[in-house]
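So for the sequence shown, this note's numbering puts the first residue at 7; every next one is plus one. C-beta: ideal position from N, C-alpha, C; glycine also.
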Amino acid sequence: MSTTTPDVTDTRVMNTLHTFFRREHRLAGGLLRGVADGDTARAQVVGAHLDFLLRALHHHHTIEDRVLWPLLLERVPDELASIVHLMESQHQRVDGLIGEIGTLLPGWVRDADAVTAGRLADLFDTLYVHLVEHLDAEEERLLPIAARCMTQAEWDHMGEVARREAPREEGMLALGMFQHDGDPEVFAQMLGDAPAPVRWLLPRLARRAFRRHALAVHGTATP
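Shown next, in the form of structure tokens:
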């Protein structure tokens, strides 16, 4: 049952996205430590997955910075004053770690050396800590303001922009990532006003895409 009321915008889709980010970044360090020294075939599989995570996170933050923040800063600047510095500093820490990881990852995928794998694993562990801190703060402090100060149409527009600008070839996997342990009601809402056959088919295709990916990367369909 929905926890929202008619005069409050439903922002729960953000929690579903955050669930995906928390889950996969929590597991990233272990994936890296599990690759044997010199196993370049496995490094390519894990590296492609980690690259996907980093790009998805960067895309998520870019859309927030471009669509969400300007609207709220214009509408309720005083209410956001205490949050802006916190969010900016957290974004900077996360972006700095993403940049450092991005510098090391291609070389590790090519050589699969254990030393670099250990360094990357430590960086992902640190990224996870800072990311969770940021996502928790966003859910506790920012989303309640957005729910009161944005219309549902404005909120939904942000999702439409994110979908439109994401790589189309990764769309089904991304849906499967969100669906895996996200709120089923929210996931159904993410399919929007698609025709009924599409709403029936997409969850099945997304589940299949995620299962195939998870088995290859994590060795289980339920990571």
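Worksheet item: To the nearest whole angstrom, what separates the beta carbons of alanine 152 and valine 41, a pair I think is in contact under 8 Å?
Response: Your numbering for residue 152 matches position 146 in the sequence shown. Your numbering for residue 41 matches position 35 in the sequence shown. The pair is not a contact, with the Cβ atoms about 40 Å apart (cut-off 8 Å).
Item to complete: Could you have a look at alanine 222 and say whether DSSP puts it in helix, strand or coil?
Response: The residue given as residue 222 occupies position 216 in the sequence shown. If DSSP states are grouped into helix, strand and coil, alanine 222 belongs with the helices.
Worksheet item: On the three-state DSSP scale, how would you describe proline 229?
Response: The count along the sequence shown starts at 1 and reaches residue 229 at position 223. Coil at proline 229, not helix or strand.
Worksheet item: Roughly how many angstroms lie between the CA atoms of threonine 11 and leucine 33, to the nearest whole one?
Response: As a position in the sequence shown, residue 11 is number 5, starting the count at 1. As a position in the sequence shown, residue 33 is number 27, starting the count at 1. At threonine 11, the pLDDT of 45 sits below 50, so the modelled position is not reliable and the matter cannot be decided from this model.
Worksheet entry | Residue of Pro150, Ala212, Gly44 minimising C-alpha distance to valine 115 | If you number the sequence shown from 1, residue 115 lands on position 109. Comparing Cα-Cα distances from valine 115 to each of Pro150, Ala212, Gly44, the minimum goes to Gly44.
Item to complete: Using the Cα positions of glycine 198 and leucine 129, report the straight-line distance between them to the nearest angstrom.
Response: Taking the sequence shown and counting its residues from 1, one reaches residue 198 at position 192. Taking the sequence shown and counting its residues from 1, one reaches residue 129 at position 123. Going by the C-alpha atoms only, they are around 37 Å apart.
Item to complete: Tell me where the alpha helix (DSSP H) around methionine 183 begins and ends.
Response: Numbered from 1 along the sequence shown, position 177 holds the residue referred to as residue 183. Run containing methionine 183: 177 to 187, per the alpha helix (DSSP H) assignment.
Worksheet entry | Spatial neighbours of arginine 210 in its chain, beta-carbon cut-off 6 Å, leaving aside the 5 residues before and after | Position 204 of the sequence shown, counted from the first residue, corresponds to residue 210. Nothing listed; no residue qualifies.
Item to complete: Using a threshold of 9 Å, state whether the C-beta atoms of leucine 148 and phenylalanine 58 are closer than that.
Response: The sequence position of residue 148 within the sequence shown is 142, counting from 1. The sequence position of residue 58 within the sequence shown is 52, counting from 1. No, the Cβ-Cβ distance between leucine 148 and phenylalanine 58 is not below 9 Å.
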